[in-house]
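See structure below.
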Amino acid sequence: MKLSVLFPETRSVDNVVALAQHAEHLGFHGLFLGTAFGFDPVMALGYAGTQTSRILLGVAVVPTWPRHPQVMAQQAATANAMCNGRFRLGVGPSHAPVMARLGIPFDRPISHLREYLTIVRTLLAEHKIDHVGERYRVQGMLDVENGGTPPVLLAALREQMCRLAGSYSDGVLPWLPPAEYVASTIVPNVRAGADAAGRAAPPVIAEVPVALTRDLDAVRTMAARDLFIYPIMPFYRALWESAGVPLGNRATAGGWSDAMIETSLLYGDEAGLATKIKAYFDAGADEVVVSPFGVGDDPIANRDDCVRVLADIARA
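For the sequence shown, the positions run 2 to 317 when our numbering is used.
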């Protein structure tokens with residue numbers, strides 16, 4: 002079972018190293034680090050790669066619009082060399098409201114990503130490119146030794162993005178997808194995109210939040226505190242609407258409806274979590290990335306317990 006762990010962005014590089022070492026010690030397949038407005042996760046994970054030996058290290062995900070693909074390829078190749086070939090680059094368009102804060106137009110993300118992925122993956126695999134496209138003109142080289150070619154994973158949720166990922170990426174990183182949606186929408190469209198490109202389908206790597214509790218009220222509190230941004234983002238609202246998940250009045254106010262919690266957040270005791278994680282593999286996911294969140298009166302201790310329980314599930 003390929004079970005990896007995702008932690009949100011942290012303000013301490015030393016903490017990233019400690020998390021990576023701890024996840025490696027516990028036997029997780031990989032560790033992913035989120036990204037927002039803090040330090041560069043690619044650089045931090047490259048450093049963590051020098052302090053670990055086995056675990057795969059990935060970023061989920063780097064927004065593409067602010068970073069030129071030549072620069073992105075250089076960063077990824079450098080981090081992969083520091084990790085001795087264990088680095089995974091996750092990229093995605095982010096969201097229009099986030100890019101608006103940077104003054105960057107969010108225009109036709111599908112065509113942007115098609116060109117972006119082509120440039121980054123060509124540079125990483127072939128070390129040179131002469132590309133003239135609609136958005137980018139790149140006559141570049143990439144001379145980095147060691148590490149091999151790191152996989153480029155694409156954050157994707159809806160049909161078109163999943164098809165694009167199947168054609169142009171090395172893996173698909175959906176965040177918050179219900180297991181049923183993985184089976185009905187993500188996997189078939191990834192395979193369709195791969196078939197259209199005449200290539201093998203890349204792996205589907207489903208990412209989901211996890212809480213070690215059977216108390217729905219505690220999960221409601223955690224979601225409102227830690228995950229409040231997702232129900233107001235158009236891409237995620239469209240995901241739940243497409244999956245037939247009722248949003249309800251709480252979602253329109255920036256909260257989570259119970260239906261959203263039941264389909265996109267995994268909570269329960271160890272046996273319950275194991276069953277819910279297995280549902281994603283049964284749905285066609287090749288890897289599941291669990292993101293532990295703390296609940297209750299001592300959320301830090303609860304999250305630590307959750308990580309240990311998830312490690313037990315990974316080793317089972």
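Quick reminder that beta carbons are idealized off the backbone N, C-alpha and C, glycines included. Every value quoted in this text rests on a predicted model; they were computed, and no experiment measured them.
Identify, in the order they occur along the chain, each residue of the same chain with its Cβ nearer than 6 Å to the Cβ of residue i, setting aside the five sequence neighbours on each side.
i: aspartate 131; result: Gln140
i: alanine 244; result: Pro179, Tyr182
i: alanine 254; result: Model confidence at alanine 254 stands at a pLDDT of 48, short of 50, so the residue's coordinates are unreliable and nothing is read from them.
i: valine 289; result: Leu4, Ala207, Ile278, Tyr281
i: valine 18; result: Ala49, Gln52
i: cysteine 163; result: Ala157, Ile187, Asn190, Val191
i: aspartate 306; result: Leu213
i: methionine 83; result: Gly47, Gly50, Thr51
In this structure, how does DSSP classify residue i when only helix, strand and coil are distinguished?
i: valine 60; result: strand
i: aspartate 15; result: helix
i: alanine 212; result: strand
i: valine 290; result: strand
i: histidine 26; result: helix
i: phenylalanine 40; result: coil
i: leucine 154; result: strand
i: leucine 174; result: coil
i: phenylalanine 88; result: strand
i: glycine 31; result: strand
i: glycine 199; result: coil
i: isoleucine 130; result: strand
i: glycine 93; result: strand
i: methionine 234; result: coil
i: asparagine 147; result: coil
i: glutamate 242; result: helix
i: phenylalanine 107; result: coil
The beta strand (DSSP E) spanning residue i covers which residue range?
i: tyrosine 268; result: 267-269
i: valine 6; result: 4-8
i: valine 1; result: Residue 1 falls outside the range modelled here, since the chain spans only 2 to 317, and no answer is possible.
i: methionine 142; result: 138-142
i: valine 121; result: Here valine 121 belongs to no beta strand (DSSP E); instead the alpha helix (DSSP H) covers 110-127.
Closest to residue i by C-alpha separation, out of the options, would be which residue?
i: glycine 47; options: Asp15, Gly93, Gly273; result: Asp15
i: glycine 167; options: Gly194, Ala156, Asp144; result: Gly194
i: serine 258; options: Ala272, Glu271, Ala275, Arg238; result: Arg238
i: tryptophan 241; options: Asp171, Leu217, Asp196, Arg159; result: Arg159
i: proline 70; options: Asp218, Arg122, Val191, Gly269; result: Arg122
i: glutamate 146; options: Arg102, Asn81, Ile314; result: Asn81
i: arginine 304; options: Ser13, Met2, Leu20; result: Leu20
i: methionine 44; options: Phe88, Phe8, Glu25; result: Phe88
i: leucine 267; options: Arg215, Leu57, Leu155, His26; result: Arg215
i: serine 265; options: Glu271, Tyr231, Asp287, Ala272; result: Tyr231
Residue i and residue j look like a contact to me (Cβ under 8 Å); what is the Cβ gap, rounded to whole Å?
i: valine 62; j: leucine 174; result: 6 Å
i: proline 151; j: alanine 49; result: So it is not a contact: roughly 15 Å between Cβ atoms.
i: alanine 198; j: valine 296; result: Actually they are not in contact, since the Cβ atoms of alanine 198 and valine 296 sit about 43 Å apart, beyond 8 Å.
i: proline 42; j: leucine 34; result: 5 Å
i: tyrosine 137; j: isoleucine 120; result: 6 Å
i: methionine 2; j: alanine 225; result: 31 Å between Cβ atoms; not a contact.
i: valine 246; j: methionine 261; result: 6 Å
Who are the near neighbours of residue i in its chain, counting only those whose CB is closer than 8 Å to its CB and skipping five residues on each side?
i: threonine 65; result: Met73, Val92, Gly93, Pro94, Ser95, His113, Leu114, Tyr117
i: proline 98; result: Met234
i: alanine 201; result: Ala195
Determine the extent of the alpha helix (DSSP H) in which residue i is found, giving its start and end residues.
i: isoleucine 301; result: 300-316
i: serine 168; result: 160-169
i: valine 220; result: 217-227
State yes or no: is the beta carbon of residue i nearer than 9 Å to at least one beta carbon in chain C?
i: glycine 39; result: No chain C is part of this structure, which consists of one protein chain only.
Near residue i, what residues of its chain come up, given a Cβ to Cβ distance below 7 Å and the 5 sequence neighbours on each side ignored?
i: glutamine 22; result: Gln52, Thr53
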